[in-house]
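To convert a position in the sequence shown, counted from 1, into the working numbering, add 161.
We put the CB at the ideal spot given by N, CA and C, even for glycine.
Computed from a predicted model, the values in this text were never measured in an experiment.
Just below is one structure, and these are the notes that go with it.
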Amino acid sequence: MKIFLVRHGADEEGYRGGWSQRGLMEAGVIQSRALGSYLYEHKEQYDIHTVISSDLPRAVQTSQAIEESLGIRGIHTPDWREMNNGDMAGMLHAEAEEKYPGVYFNTLKMDTAFPGGESPTHFYTRIQNAFENLCVQLEEKRIQSNVLLVTHGGVINVLYYVLANREWSNTSSFYPIDNTSIHTVQNMKNGWSILDTNRIPHLRS
Numbered sequence: 162m163k164i165f166l167v168r169h170g171a172d173e174e175g176y177r178g179g180w181s182q183r184g185l186m187e188a189g190v191i192q193s194r195a196l197g198s199y200l201y202e203h204k205e206q207y208d209i210h211t212v213i214s215s216d217l218p219r220a221v222q223t224s225q226a227i228e229e230s231l232g233i234r235g236i237h238t239p240d241w242r243e244m245n246n247g248d249m250a251g252m253l254h255a256e257a258e259e260k261y262p263g264v265y266f267n268t269l270k271m272d273t274a275f276p277g278g279e280s281p282t283h284f285y286t287r288i289q290n291a292f293e294n295l296c297v298q299l300e301e302k303r304i305q306s307n308v309l310l311v312t313h314g315g316v317i318n319v320l321y322y323v324l325a326n327r328e329w330s331n332t333s334s335f336y337p338i339d340n341t342s343i344h345t346v347q348n349m350k351n352g353w354s355i356l357d358t359n360r361i362p363h364l365r366s
């Protein structure tokens, strides 16, 4: 039983991400289509039966390109959104720096929320709970494995810490997580483990 974590394609630069409603840039669309084609060409290897994604536009666009290639209708849910940066979501960097100077993900205290958003502690707990719920759904066969999960860099980074049972904070080291990269999580005898990290074979010559 496997879960393939995928970060969405490249989105527009110059804006704050988080819960931004902005979509992919053209390069991100190309990346997403390439990943969809790759997964179709290697469908026996990956054996994907369920596609789930964050419901933020950049993840949905990525997921839809994959869904079209695999012929699978995806489930788009807020459970797998990036950290909620509230009022700063989708804001130009310059505007955010003017209105909220010094407010960044790694400058927040763990229990301090973004203006109108969530705190790092809340974000971590939300993602941990979402993963535990996904595992229960798989074990109870409410959804079919293997699962491809399209989400965000911050989410996948949290999952690395959850699966390694390592303490996480918003100042912890960040794992390499490229756009449309694949991170393979497998259910082993001693629980879930990440076996393959940051693979982007569909973008390599």
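For this session: With DSSP collapsed to three states, give me the class of F284.
Result: helix
For this session: Would you mind reading off the limits of the beta strand (DSSP E) that contains L310?
Result: 308-312
For this session: Can you tell me the Cβ-Cβ gap for G170 and R219, rounded? I've got them flagged as a contact below 8 angstroms.
Result: 7 angstroms
Exercise. Can you tell me whether N318 is buried or exposed, with buried defined as 16 or more other CB within 10 angstroms of its CB?
Worked result: buried
For this session: With a threshold of 16 other CB atoms inside 10 Å of the CB of F275, please say whether the residue is buried or exposed.
Result: buried
Exercise. Using the C-alpha atoms, what's the distance from T341 back to N359?
Worked result: 9 angstroms
Problem set entry | Cβ-Cβ separation, N294 to H210 (assumed contact under 8 angstroms), whole Å | Not really, about 18 angstroms apart at Cβ, beyond 8 angstroms.
Exercise. Out of I355, G232, A188, which has the shortest C-alpha to C-alpha gap to L324?
Worked result: I355
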